[in-house]
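Data first, discussion second: the structure below is written as structure tokens.
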Amino acid sequence: MEKIKVAAISGFTVLSAWMGILAVPVYLLVVTNVIDYATGIAASICRKETVSSYRGIRGIIKKVCMWLLVAVGAVIDILAAYAAEQTGITLPFGYAAASLVAVWLICNELLSILENIAQTGVQLPPFLEKMISYLKTQAENLPSGGEQK
Numbered sequence: 000m001e002k003i004k005v006a007a008i009s010g011f012t013v014l015s016a017w018m019g020i021l022a023v024p025v026y027l028l029v030v031t032n033v034i035d036y037a038t039g040i041a042a043s044i045c046r047k048e049t050v051s052s053y054r055g056i057r058g059i060i061k062k063v064c065m066w067l068l069v070a071v072g073a074v075i076d077i078l079a080a081y082a083a084e085q086t087g088i089t090l091p092f093g094y095a096a097a098s099l100v101a102v103w104l105i106c107n108e109l110l111s112i113l114e115n116i117a118q119t120g121v122q123l124p125p126f127l128e129k130m131i132s133y134l135k136t137q138a139e140n141l142p143s144g145g146e147q148k
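The opening residue of the sequence shown carries number 0 in numbering that gives the first Met the number 0; numbering runs sequentially from there.
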């Protein structure tokens, strides 16, 4: 058991060092993904819907694609840093696009978690209900180009 602990901690440490500043948003995204998945299953049960493996797999695929979006943001950041370096410019930030993508996805996951919890019958605090309503309205009013009106 001790070897498993050492291997897990070593792997986590290497992964954190490799991701650098991007580690915290990525870990938070994974945590919110797991919580959203679990609360989604609970909400389905409370709605008396059948929980199917097909829908479950689709949900997992969606979560993996979220991680891939963060990876795409990281590639954009790496390319921007490389291009800037080739022109003699030093960028004062690292992984800006990837971090923004991760934060945006985390916010969406948090909204989904709150909606799932509400569907289980748990009363949300009024300020959270107002925030959800406001954010949904704002998201629905975005033009297809992603710019706010």
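Here a beta-carbon is modelled for each residue, glycine too, at the ideal position from N, C-alpha and C. On a predicted model such as this, the values are computed, not experimentally measured, just so you know.
If you check the CB distance, glutamine 122 and arginine 46 do not come in under 9 Å. If you compare the alpha carbons of Tyr36, Ala97, Leu109 with that of serine 52, the shortest gap goes to Tyr36. Secondary structure of methionine 0 (DSSP, three-state): coil. The beta carbon of leucine 27 lies closer than 8 Å to those of Ala101, Ile105 in the same chain, with the five residues before and after it left out. Leaving aside the five residues that flank leucine 90 on each side, the residues in its chain whose CB is nearer than 6 Å to its CB run, in chain order, Ala80, Ala83. Contact check for asparagine 115 against alanine 16 fails: the beta carbons are separated by 9 Å or more. Phenylalanine 92 carries a coil assignment under DSSP once its states are collapsed to helix, strand and coil. Between the alpha carbons of phenylalanine 92 and isoleucine 131 lies a distance of about 31 Å. Excluding the 5 residues flanking it on each side, methionine 65 has same chain C-beta neighbours closer than 6 Å at Leu104, in chain order. The beta carbon of valine 69 sits closer than 8 Å to those of Leu21, Pro24, Val25, Leu28, Ala97, Val100, Ala101, Leu104, all from its chain and outside the five residues before and after it, given in chain order.
In this structure, glutamate 108 sits near threonine 31, with a CB-CB distance shorter than 9 Å. For serine 111 and valine 33, the gap between their C-alpha atoms comes out near 12 Å.
In the three-state scheme derived from DSSP, where H, G and I count as helix and E and B as strand, arginine 57 is classed as helix.
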